[in-house]
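Report on the structure given below.
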Amino acid sequence: MKTSSFVADNSVVAVSKPLPTKPIRVNAPVKTLSTRKVVKILFGRTGGWWLPLLMLAGWQLVASFQLLPEAYLKNISSPNAVLQAGYELIKSGELWQHLGISALRAFAGLLIGGLFGLGFGLLTSTLPVFRTLLDTTFQMLRNIPHLALIPLVIVWFGIDEAAKVFLVAVGTFFPIYLNTYHGVRNVDKHLVEMAKSYDLTGWALFKEVILPGALPSILVGVRFSLGIMWLTLIVAETISATTGIGYLAMHAREFFQIDIIMFSILVYALLGFLADFIAKKLEFVWLKWHPSYQQGAH
Amino acid sequence: MSTPLSAPLSAPSRTPLKTSAGLALSLTNVVKKFDNREVIKNLDLHIQSGDFIAIVGHSGCGKSTLLRLLAQLETASSGELTAMSIANQAMSPQAWRQSTRLMFQDDRLLPWKTVLENVGLGLKTPDWKAQALKALAEVGLAERADDWPSALSGGQKQRVALARAIIHRPQLLLLDEPLGALDALTRLDMQQLLVKLWQEHRFTVILVTHDVSEAVITADRVILIEQGKIGLDLPILLPHPRNNMTKTAPLEQIVLDKILAVH
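Taken in order, these protein sequences are the chains called V and Z. If you number the first sequence the way our numbering does, the last residue is 332 and the count never jumps. If you number the second sequence the way our numbering does, the last residue is 640 and the count never jumps.
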């Protein structure tokens, strides 16, 4: 820090006075090092945060200095107003109540859909009987957008918790099912042959060879599902709910509370980020043997 | 080719001991067909307990099929294959399979297990770690026990695969071109390691290779397979280590002449 500020001083001096060129030359290597450091800070591990921060700053500027016509300005809120709204929601405890119920719906749905996806994926990929019996059906069903089921789901389950959990479960089932199936089918046949010649059969073969071999693919399915999980929940909560983040936003719309609507959207973004972060960590722990997950690989 | 090696693996020069822990194999009139195409034609072959056999031949001559028959990965279309235990009794297919270990051209290590866990694969005893470490030490890789296979070189991976095979104290070790993908120098080291382990463990070894010099350097007996039949059966009576080219070269020449005479 000291050296870089010293360099900066010198360069300022060099511009104003023509004489002291020598000290700059002495410090030249330090200067290149510090620029490298700056580049590292800009584009290193935290580099992904610059663009969102810049966009946030732009948003605040537009709102504070009224850089848009009044007709547009009344439809957006400024970041500090959104934060203010968020602070109020946190202080009153309202946010946690809605967030809790939303998270519960999301993860309950993911758990049910994921377990069924994993189970059926393993069944159809390892046992030919189940493959012929079920795979065609699943391939047909997966082409139906699961959100198209909403009218039917409302008829079946009303606007209860079950409706939302069901929709999330259906949405998350297929990515995990397909990737489990694909992962198991693509486990290296040579490894399986080797394991069999080393007396590994049945459960041991599955646990030591097939499941670890399919795991990278299964985790890809989980990450897909996490995205679908939030998407489904948002839609379901927006259409019919009396609690949850989606309800918070829809309720705010009725009172034209733009700041709360925007805050709800931000919460969804954060939740999505958090879920993906957890999935990445899981990959890192479970796939630590994989060359692409070793030492500094993202 | 076989210049004297300063490798630490060089085995003491001695002829195979009489006491053997290997299977004896006997094949009579063995035929193997794939869709009416005879890959193995009326093969008769008798392998003594503790022999080191090298099988050479062109690609597609049936040598790998022969190995897979002996590993019971394939069944013969007709003919008789028997394995005799050390007590000279015919073995059940089950016992035969359990006392046989197979090594492939690719290492086939499980990438999600450490080197040590790979070596201990299929061991169920509580002291498997100690056993696996000992087997790793035998191939000179004890210090890599906790690494992932992806961190090893090709030659090191094959050594781990070799340790994984010998840990089960096999009586028959089947090698399907295990050194084919290695560079020339690593291959020389591995040949010496194979001979060393064979001399220590006294199992029967059958090595399929298309490297004639590798066959002559390592084996007791070189068998040339030509179009599913035995084209040449050559005993190699030189002591180990066979690093004198003037002695191995004439034997290589015999095999090469026979191979080239056909085509």
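Note that the Cβ used here is the ideal one computed from N, Cα and C, for glycine as well.
The beta carbon of V/Pro162 does not come within 8 Å of any beta carbon belonging to chain Z, so the residue lies off that interface. Taking CB atoms only, Z/Trp473 has no neighbour in chain V less than 8 Å away. C-alpha of Z/Ser441 to C-alpha of Z/Asp553: approximately 7 Å in a straight line. By the 16-neighbour rule on beta-carbons within 10 angstroms, Z/His423 is exposed. The continuous beta strand (DSSP E) containing Z/Lys410 extends over residues 401 to 411. Two segments are said to touch when three or more pairs of C-beta atoms, one from each, lie closer than 8 Å; by this definition the region 499 to 516 of chain Z does not touch the region 469 to 487 of chain Z.
Under the three-state reduction of DSSP, Z/Gly531 is assigned to helix. Chain-ordered, the chain V residues with CB closer than 9 Å to the CB of Z/Ser527 read Trp323, His324, Pro325, Gln328.
Scanning chain V for C-beta atoms nearer than 7 Å to the C-beta of Z/Gly499 yields Tyr232, Asp233, Leu234, reported in chain order.
Nearest CB-CB separation between V/Leu152 and chain Z: not below the 8 Å threshold.
Cβ contact annotation for V/Val301 (same chain, cutoff 6 Å, sequence separation greater than five): Ile279, in chain order. Distance check between V/Leu265 and each of V/Leu129, V/Gly78, V/Ile299 places V/Ile299 closest, using alpha-carbon atoms only. When rounded, the separation of the alpha-carbon atoms in Z/Trp575 and Z/Ala448 is 18 Å. Taking C-beta separations shorter than 7 Å and ignoring five residues to either side along the sequence, the partners of V/Val269 in its chain run Leu181, following chain order. Distances from the alpha-carbon of Z/Thr452 to those of Z/Phe481, Z/Val416, Z/Ala464, Z/Asp428 put Z/Val416 closest. Going by DSSP, V/Leu239 is part of the alpha helix (DSSP H) stretching over 236 to 239. Taking Z/Glu629 as the centre and dropping the five residues before and after it, the same chain places the C-beta of Val589, Ser590, Val593 closer than 8 Å to its C-beta, in chain order. Proximity of V/Val319 to chain Z, defined by a Cβ-Cβ separation below 8 Å, is not satisfied. Exclusion of the five residues before and after V/Val226 leaves Leu239, Val243, Ile244 as the residues of its chain whose Cβ lies within less than 8 Å of its Cβ. In chain order, Pro246, Trp323 make up the part of chain V whose C-beta sits under 7 Å from the C-beta of Z/Trp489. By the neighbour-count criterion, in which 16 or more other beta carbons inside 10 Å mark a residue as buried, V/Tyr121 falls on the exposed side.
Within 10 angstroms of the beta-carbon of Z/Asn495 lie 16 or more other beta-carbons, which makes it buried.
At least 8 Å separates the CB of V/Met174 from every CB of chain Z. When DSSP states are grouped into helix, strand and coil, Z/Val516 belongs to the coil group.
Contact note: Z/Ala448 reaches chain V through Ser231, using a C-beta cutoff of 9 Å and chain order. Between Z/Leu571 and V/Ser231, the beta carbon gap of about 19 Å keeps them out of contact (Cβ cut-off 8 Å). For Z/Leu479, a Cβ of chain V is located within less than 8 Å of the residue's own Cβ.
If you ignore the 5 residues before and after V/Thr158, its C-beta comes within less than 7 Å of the C-beta of Phe164, Arg165, Leu168, Asp169, Tyr215, all in its own chain and listed in chain order. Annotation: Z/Pro555 to Z/Gly532 spans about 10 Å, alpha carbon to alpha carbon.
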